[in-house]
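Number of protein chains: 2
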Amino acid sequence: MLNSPLPRDPIAQAREQWVAHGWASEANAMAAITAVMRTASIFLQRADAILKPHGLTFARFEVLALLGFSKRGSLPMSHASELLQVHATSLTNSVDRLEATGLVQRVAHPTDGRTRLLELTAQGLEVLDAARTDLNAQLFAQSDLEAADATDLFEILSRFRRASGDFL
Amino acid sequence: MLNSPLPRDPIAQAREQWVAHGWASEANAMAAITAVMRTASIFLQRADAILKPHGLTFARFEVLALLGFSKRGSLPMSHASELLQVHATSLTNSVDRLEATGLVQRVAHPTDGRTRLLELTAQGLEVLDAARTDLNAQLFAQSDLEAADATDLFEILSRFRRASGDFL
DNA sequence: TCCAAACCCTTGGAAGTCCAAGTATATTGT
DNA sequence: ACAATATACTTGGACTTCCAAGGGTTTGGA
């Protein structure tokens, strides 16, 4: 995947270029946003590598984890896609694969013919538990984020996400 | 794209579930990492929407911007993919599209037959300037990140990226 | 010298994301 | 009651990312 570490942070370099070209007032936001994207891609790669032996990706893990927390054990697709904050089409894609491997079932809604309910299967629950254990041990417990940075990061991003209309 | 704001932050909810199930020590990293991914996806959608009228995506914009800053005006693919921190195959994909629309050219390296140099065309330079102006005005200058948060965010992510081996 | 190892780039395939459009079911307003 | 509107989900297409594998070119050690 990644080569050896670069001698100089390329995002910091881009930031300097921004300043040098007269866009100083946008430089910090540019650097922060670019760094967020890069960081997300690093974490996604790590998560997917950890989940691969479980036959999962991070996207599919999130679906399982959400179902595992739902009181009833079942959730309409629409509700799940809202909570996961992905498009309905992305969820359709993930669920197709989860259903094909027997981790999740689509069941008819008792009263609304449009709605399909997602349910974890017994096997889905097993895979979820094993995958979550691994993610906790190998990703979240060794995230390369210092404790204070993790909380600060979450707070900054919460302010941003609220300002951007993610939630109230 | 996005529905109406949710009444409650779903990542904060997941964090509570993590604590409630006995994974309290991993909860903050889980929440921070999930928030980074969500934030990246929000910014990527915004950037792509702004760049669409220019016939660009953020991935392709980054290639143009990098070439625009290079002293020579040309850069080997390998060097570009290192600086952009994406796989060589991803760059091949972007450059194929940039070349197809005439914004970039692949030229032979004078002495190394393996290497292909990327060059901005005149049209590529024009598109870059226009796209960058729009991104600065519509994304970076109105990022929903407060000034202090943008700098803190960049610093936290720089520490993380260094610790993760992104750069020295 | 010359063959093996390293390097640069591309192809093909799997997966994710989104959007636009389509189908089917519910709800609403007249 | 019934047509118009809204909701729920799926399909198809464009794009990105990665990985695994291949083809060419260069370099370096025996």
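For the record, the sequence lines run as chains A and B.
Per my numbering, the first sequence starts with residue 367, numbered consecutively.
Per my numbering, the second sequence starts with residue 367, numbered consecutively.
Using N, Cα and C, we set each Cβ at its ideal position, and we do this for glycine too.
The structure presented is a predicted model; accordingly, all values stated were derived computationally and were not measured.
Chain A partners of residue i, CB-CB under 7 Å?
i, result
"B:Met338", "Absent from the model: residue 338 of chain B. The displayed extent of chain B is 367 to 534, so no value can be given."
From the beta carbon of residue i, is the nearest beta carbon of chain A less than 7 Å away?
i, result
"B:Gln383", "yes"
"B:Asn459", "no"
"B:Asp462", "no"
"B:Ala474", "no"
"B:Asp422", "One point to set straight first is that residue 422 of chain B is Leu, not Asp, in the sequence displayed. With 7 Å as the cut-off, B:Leu422 does not count as an interface residue toward chain A."
Mind checking if residue i is an interface residue toward chain B, Cβ cutoff 7 Å exclusive?
i, result
"A:Ser444", "no"
"A:Ile522", "yes"
"A:Leu441", "no"
"A:Thr517", "yes"
"A:Leu511", "yes"
"A:Ala395", "yes"
"A:Ala386", "no"
How is residue i classed by DSSP in three states: helix, strand or coil?
i, result
"B:Ser447", "helix"
"A:Pro376", "helix"
"A:Ser509", "coil"
"B:Leu469", "coil"
"A:Leu441", "strand"
"B:His453", "coil"
"B:Thr423", "coil"
"B:Trp389", "coil"
"A:Asp478", "coil"
"B:Ser460", "helix"
"A:Ser436", "coil"
Under 8 Å between beta-carbons, which chain B residues line up against residue i? List them in chain order, please.
i, result
"A:Glu392", "Asn502, Phe506 and Ala507"
Quick one: which chain B residues come within Cβ less than 7 Å of residue i?
i, result
"A:Asp427", "The sequence shown places Phe at residue 427 of chain A, not Asp. The contacting residues do not exist; A:Phe427 stays about 11 Å from chain B at best."
"A:Ala398", "Leu511, Ala516, Leu519 and Phe520"
"A:Gln489", "By Cβ distance, chain B contributes nothing, its closest Cβ being about 20 Å from A:Gln489, past 7 Å."
Just the C-alpha distance for residue i and residue j, rounded to the nearest angstrom, thanks.
i, j, result
"B:Ile522", "A:Arg404", "13 Å"
"B:Ala415", "B:Gly421", "10 Å"
"B:Glu392", "A:Arg525", "21 Å"
"B:His445", "A:Gly468", "44 Å"
"B:Leu368", "B:Arg528", "Confidence is the limiting factor: at B:Leu368 the pLDDT is only 49, short of 50, which leaves the residue's position unreliable, though a coordinate-based value still follows. Taking the straight line joining both Cα atoms gives about 33 Å."
"B:Thr423", "A:Pro476", "43 Å"
"A:Leu372", "B:Ser460", "22 Å"
"B:Thr517", "A:Ile377", "13 Å"
"B:His387", "A:Phe435", "10 Å"
"B:Ala390", "A:Lys437", "20 Å"
"B:Asp478", "B:Pro442", "10 Å"
"A:Ala496", "A:Ala488", "13 Å"
"A:Ser530", "B:Ser509", "9 Å"
"B:Ala503", "B:Arg381", "35 Å"
"B:Ser370", "A:Ala413", "29 Å"
"A:Asp532", "B:Asp375", "8 Å"
"A:Leu505", "B:Glu492", "43 Å"
"A:Leu483", "A:Ala466", "16 Å"
"B:Leu464", "A:Thr481", "42 Å"
"A:Gln451", "B:Leu534", "35 Å"
"B:Ser447", "B:Asp462", "14 Å"
"A:Leu457", "B:Ile408", "17 Å"
"B:Asn394", "A:Gly490", "25 Å"
"B:Pro419", "A:Gln379", "27 Å"
"A:Leu501", "A:Ala514", "20 Å"
In chain A, what lies closer than 8 Å to residue i by C-beta?
i, result
"B:Leu534", "Pro371, Leu372, Pro373 and Arg374"
Mind checking who residue i pairs with in its DSSP beta bridge?
i, result
"A:Ser483", "Sequence inspection shows Leu at residue 483 of chain A; the Ser mentioned does not correspond to that position. Answer is A:Pro442 and A:Val473."
"B:Phe520", "Paired residues: none, contrary to the question."
"A:Phe533", "B:Leu372"
For residue i, which residues in chain B fall below 9 Å Cβ to Cβ?
i, result
"A:Arg527", "Asp375, Ile377, Ala401, Arg404, Thr405, Ile408 and Asp510"
Using a cut-off of 9 Å between C-beta atoms, extract the partners of residue i located in chain A.
i, result
"B:Gln471", "Correct list: empty, because the minimum Cβ distance to chain A is about 22 Å."
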